[in-house]
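Step one of this worksheet: look at the structure below.
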Amino acid sequence: MPRQARVKSITGIYHIMLRGIDKRDIFLDNEDKLKFLESIEKAKEKGKFNVLGFCLMDNHVHMLLKEYEEIGTSIKRITVGYVGWHNKKHDRTGHLFQNRYMSEPVNTEEYLVTVLRYIHQNPVKARIVTSVKDYKWSSYGFYYLFYNGQKTIIDGTLIENYFGTFEEFSRYMNTVNDDECLEAKTVKHNTDNKLTKIITDKYKVINLPELPFDKKKAIIKDIYIMENTSIRQLSRVFGMGKSIVEKVLKKDE
Numbered sequence: 560m561p562r563q564a565r566v567k568s569i570t571g572i573y574h575i576m577l578r579g580i581d582k583r584d585i586f587l588d589n590e591d592k593l594k595f596l597e598s599i600e601k602a603k604e605k606g607k608f609n610v611l612g613f614c615l616m617d618n619h620v621h622m623l624l625k626e627y628e629e630i631g632t633s634i635k636r637i638t639v640g641y642v643g644w645h646n647k648k649h650d651r652t653g654h655l656f657q658n659r660y661m662s663e664p665v666n667t668e669e670y671l672v673t674v675l676r677y678i679h680q681n682p683v684k685a686r687i688v689t690s691v692k693d694y695k696w697s698s699y700g701f702y703y704l705f706y707n708g709q710k711t712i713i714d715g716t717l718i719e720n721y722f723g724t725f726e727e728f729s730r731y732m733n734t735v736n737d738d739e740c741l742e743a744k745t746v747k748h749n750t751d752n753k754l755t756k757i758i759t760d761k762y763k764v765i766n767l768p769e770l771p772f773d774k775k776k777a778i779i780k781d782i783y784i785m786e787n788t789s790i791r792q793l794s795r796v797f798g799m800g801k802s803i804v805e806k807v808l809k810k811d812e
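Numbering (my numbering), first residue to last: 560 to 812.
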């Protein structure tokens, strides 16, 4: 069966995700992550693209790129050098990345900032850190430098036009949300009834809306990531306001 053609972006901006082959780690230490950023920098010098955002996780990478050449060429420029270096360092051979990267077009300003927030919140939703500012290997910190007049790997012009100050940018990037971008859009969610059964079986409780608030908080924080649920769904099954669920998830109190 032939592969489906990639959807072209009318703005030239794409959300890209690279995964390790068989979901293996592509970064085994911080030196690997630093080398990948260097590969992006070198590819930028040779190629024709701007970096609007990124997040390096152990077994996958998110990038937000604006193309001025075919995006596939840019991805190849980024990955080829890194794979050779990585294989030599770790005494391995063969492919490192899945052959076909995932991509989606970013055609509006609104979706641009949504995708960037989704990318920056990856480590938070994976429970690696509790705040986007605490993760070293995303573009969030580079935006702080950009807003303060320093040149970085990031071209933050479009984002600066949308958020006039870093404070506005930071507030939006840290807002709890139900954003679903790229691979998350293909994930099937539980129905309310199924999620309720999962919770009652796992935590040995009944009548979720009647649980003490502290018990609800503990379960919500746990189940939000484990079952890939949403704030809206949690508000329904626990009988709580959406804003209260957002506050529960905003930080560990």
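Note that the Cβ used here is the ideal one computed from N, Cα and C, for glycine as well.
By the 10 Å Cβ neighbour count, where 16 or more other Cβ atoms means buried, how is Arg676 classified, buried or exposed? In the sequence shown, the residue the question calls residue 676 occupies position 117. With 16 or more neighbouring CB atoms inside 10 Å of its own CB, Arg676 falls in the buried class.
Measuring only the C-alpha atoms, how far is Leu754 from Asn646? As a first step, residue 754 must be located in the sequence shown, where it is residue number 195. As a first step, residue 646 must be located in the sequence shown, where it is residue number 87. Looking at the two C-alpha atoms, the distance is approximately 42 Å.
Within this structure, are the beta carbons of Ile599 and Ile572 separated by less than 8 Å? By one-based count along the sequence shown, residue 599 stands at place 40. By one-based count along the sequence shown, residue 572 stands at place 13. No.
What is the DSSP secondary structure of Ile782, counted as helix, strand or coil? Translated into the one-based positions of the sequence shown, residue 782 becomes position 223. Residue state, collapsed to three classes: helix.
What is the DSSP secondary structure of Glu812, reduced to helix, strand or coil? Within the sequence shown, the letter at position 253 stands for residue 812. Note on Glu812: pLDDT 41, under 50, position unreliable in the model; the coordinate value appears next. Here Glu812 sits in coil by DSSP.
Please report how far the alpha carbon of Leu813 lies from the alpha carbon of Val674, in whole angstroms. The first residue shown for the chain is 560 and the last is 812, placing residue 813 beyond what the model contains.
Closest by C-alpha distance to Lys684, when choosing among Phe772, Val735, Met576, Val566: By 1-based counting over the sequence shown, the position of residue 684 is 125. Of Phe772, Val735, Met576, Val566, the residue nearest in Cα terms is Val735.
Among all the DSSP beta bridges, which residues are the ones paired with Lys625? As a first step, residue 625 must be located in the sequence shown, where it is residue number 66. Looking at the DSSP assignment, Lys625 forms a beta bridge with Ile572, Asn609.
With three or more C-beta pairs closer than 8 Å as the rule, is the region 688 to 697 touching the region 611 to 625? Contact between the region 611 to 625 and the region 688 to 697 is present, because at least three Cβ pairs lie under 8 Å.
Determine the contact status of Val688 and Met732, defining contact as a CB-CB distance below 8 Å. Translated into positions along the sequence shown, residue 688 becomes position 129. Translated into positions along the sequence shown, residue 732 becomes position 173. No, the Cβ-Cβ distance between Val688 and Met732 is not below 8 Å.
What residue range is occupied by the uninterrupted beta strand (DSSP E) comprising Met661? The residue labelled residue 661 in the question sits at position 102 within the sequence shown. Annotation for Met661: the continuous beta strand (DSSP E) segment containing it runs 661 to 664.
Check the C-beta distance from Phe725 over to Pro768 and give it rounded, since I have them as a contact under 8 Å. Along the sequence shown, read from residue 1 onward, the residue named residue 725 stands at position 166. Along the sequence shown, read from residue 1 onward, the residue named residue 768 stands at position 209. Not confirmed; about 40 Å, so no contact.
Examine the Cβ distances between the region 644 to 661 and the region 710 to 726 and report whether three or more of them are shorter than 8 Å. Between the region 644 to 661 and the region 710 to 726, the count of Cβ pairs shorter than 8 Å is below three; the stretches do not touch.
Excluding five sequence neighbours on each side, which residues of the same chain lie with their C-beta closer than 7 Å to the C-beta of Trp644? By one-based count along the sequence shown, residue 644 stands at place 85. The answer, listed in chain order, is Lys594.
Between the CA atoms of Gly579 and Arg651 - distance to the nearest angstrom: The residue labelled residue 651 in the question sits at position 92 within the sequence shown. The residue labelled residue 579 in the question sits at position 20 within the sequence shown. So the two alpha carbons sit approximately 14 Å from each other.
So Asp737 and Ile803 are supposed to be a Cβ contact under 8 Å. How far apart are they, rounded? As a position in the sequence shown, residue 737 is number 178, starting the count at 1. As a position in the sequence shown, residue 803 is number 244, starting the count at 1. Not quite, the Cβ-Cβ distance comes to about 15 Å (not below 8 Å), so this is no contact.
Between which two residues does the alpha helix (DSSP H) containing Leu671 stretch? Locating residue 671 in the sequence shown gives position 112, where the first residue counts as 1. Annotation for Leu671: the continuous alpha helix (DSSP H) segment containing it runs 668 to 679.
According to DSSP, is His649 part of a helix, a strand, or is it coil? Position 90 of the sequence shown, counting from 1, holds the residue named residue 649. Note: His649 maps to coil in three-state DSSP.
Per DSSP, which residues does Val764 bridge with? Please list them. Within the sequence shown, numbered from 1, the residue matching residue 764 stands at position 205. By DSSP's assignment, Val764 forms no beta bridge with any residue.
Straight-line gap, Glu727 to Val672 (C-alpha atoms, nearest Å): Residue numbering aside, residue 727 sits at position 168 when the sequence shown is read from its first letter. Residue numbering aside, residue 672 sits at position 113 when the sequence shown is read from its first letter. Approximately 12 Å between the Cα atoms of the pair.
C-beta atoms of Cys848 and His619 nearer than 8 Å: Look at the range of the chain in this structure, 560 to 812, and you will see that residue 848 is not part of it.
Tell me which same chain residues have a C-beta within less than 8 Å of the C-beta of Phe608, skipping the five on either side of it? In the sequence shown, counting from the first residue as 1, residue 608 sits at position 49. Hits under 8 Å: Ala602, Leu624, Lys625, Glu626, Tyr627, Glu628, Ile630, Ser633.
Taking the beta carbon of Phe705 as the centre, do at least 16 other beta carbons fall within 10 Å, making it buried, or is it exposed? Indexing the sequence shown from 1 puts residue 705 at position 146. With 16 or more other Cβ atoms inside 10 Å of its own Cβ, Phe705 counts as buried.
Roughly how many whole angstroms lie between the Cα atoms of Thr788 and Glu668? The residue given as residue 788 occupies position 229 in the sequence shown. The residue given as residue 668 occupies position 109 in the sequence shown. Between Thr788 and Glu668, the alpha-carbon positions lie close to 26 Å from each other.
Do you know how far the Cα of Asp584 is from the Cα of Tyr702? As a first step, residue 702 must be located in the sequence shown, where it is residue number 143. As a first step, residue 584 must be located in the sequence shown, where it is residue number 25. Near 26 Å, if we compare the C-alpha coordinates of Asp584 and Tyr702.
I need the boundaries of the alpha helix (DSSP H) containing Tyr731, first residue and last residue. As a working mapping, residue 731 is identified with position 172 in the sequence shown. Tyr731 -> alpha helix (DSSP H) spans 725 to 732.
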